[in-house]
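S.K.:
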Amino acid sequence: MSKRSVSLLFATMLAVASVPAIAGKQDPMVIPAYEKVESTNGIPPTAARIKAAIIHAGKARGWTVSDSEPGRVTLRYAPRTHEVMVAVRYDANGYKIEYVSSKEMNYEIKRGKPEIHGNYNRWIRNLAIDIQNSPVFHQADAGTDADAESSASSP
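Each residue of the sequence shown is one higher than the last, beginning at 29 in this note's numbering.
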């Protein structure tokens, strides 16, 4: 075998051996704290306005509402082969995002702490940022209680 063939063979073996390590990469799961909502449009937050912000932020990022009941919206995000379900619990002052389930995200408990595919933490962080930045809290005419009720009835 030539020196070039040996180098190529070694590089191929190294690449193949590293694929499982990359594919199964997990990060510690970030568990978001309860987030208090601050309004800059002079209209105080209400449970209905916060629900409208959750639904608006989710839809803007490709999440779908899979279930909704007073105080809780369940969102599903399914890019490519992955799937994540989260429950967003809310009240008149704020919200909290909670993990429900996932597929193809390598979720497991290690040493008593949850670990998951690194994209999960980014997706949840982006969702939380979008909820906080929702027009419901920052534009004078956005997010009336009627808007929240009509948004809640559509998936």
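Glycine included, every Cβ here is placed at the ideal spot set by N, Cα and C. Note that the structure is predicted; figures quoted are calculated from it, not measured.
Report the rounded CA-to-CA distance for A85 versus S162, giving the unit in angstroms.
M.R.: Reading the sequence shown from its first residue, position 57 is the one you call residue 85. Reading the sequence shown from its first residue, position 134 is the one you call residue 162. Cα-Cα distance, rounded: 7 Å.
S.K.: What do you get for V114, buried or exposed, if any count of 16 or more other CB atoms within 10 angstroms of its CB means buried?
M.R.: On the sequence shown, position 86 is the one that residue 114 refers to. Buried, since its Cβ has 16 or more Cβ neighbours within 10 Å.
S.K.: Closest to W151 by C-alpha separation, out of N121, E111, H166, would be which residue?
M.R.: Working through the sequence shown from its first residue, we reach residue 151 at position 123. It is E111.
S.K.: What are the start and end residues of the alpha helix (DSSP H) that includes K87?
M.R.: Walking along the sequence shown from the start, residue 87 turns up at place 59. Where K87 is concerned, the enclosing alpha helix (DSSP H) stretches over 75-88.
S.K.: Closer than 7 Å to a non-hydrogen atom of the ligand ZN - does that hold for the CB of G146?
M.R.: The ligand ZN is not part of the structure shown, which contains no ligands of any sort.
S.K.: If you follow the beta strand (DSSP E) that Y123 is in, where does it begin and where does it stop?
M.R.: In the sequence shown, the residue the question calls residue 123 occupies position 95. Counting along the chain, the beta strand (DSSP E) containing Y123 begins and ends at 122-131.
S.K.: Helix, strand or coil for Y118, going by three-state DSSP, please let me know.
M.R.: The residue you call residue 118 lines up with position 90 of the sequence shown. Note: Y118 maps to strand in three-state DSSP.
S.K.: Which first and last residues belong to the beta strand (DSSP E) in which I137 is found?
M.R.: Along the sequence shown, read from residue 1 onward, the residue named residue 137 stands at position 109. First-last of the beta strand (DSSP E) with I137: 136-138.
S.K.: Report all residues from its chain with a CB closer than 6 Å to the CB of A168; omit the five preceding and five following residues, and keep chain order.
M.R.: Position 140 of the sequence shown, counted from the start, is the residue given in the question as residue 168. Contacts found: N69.
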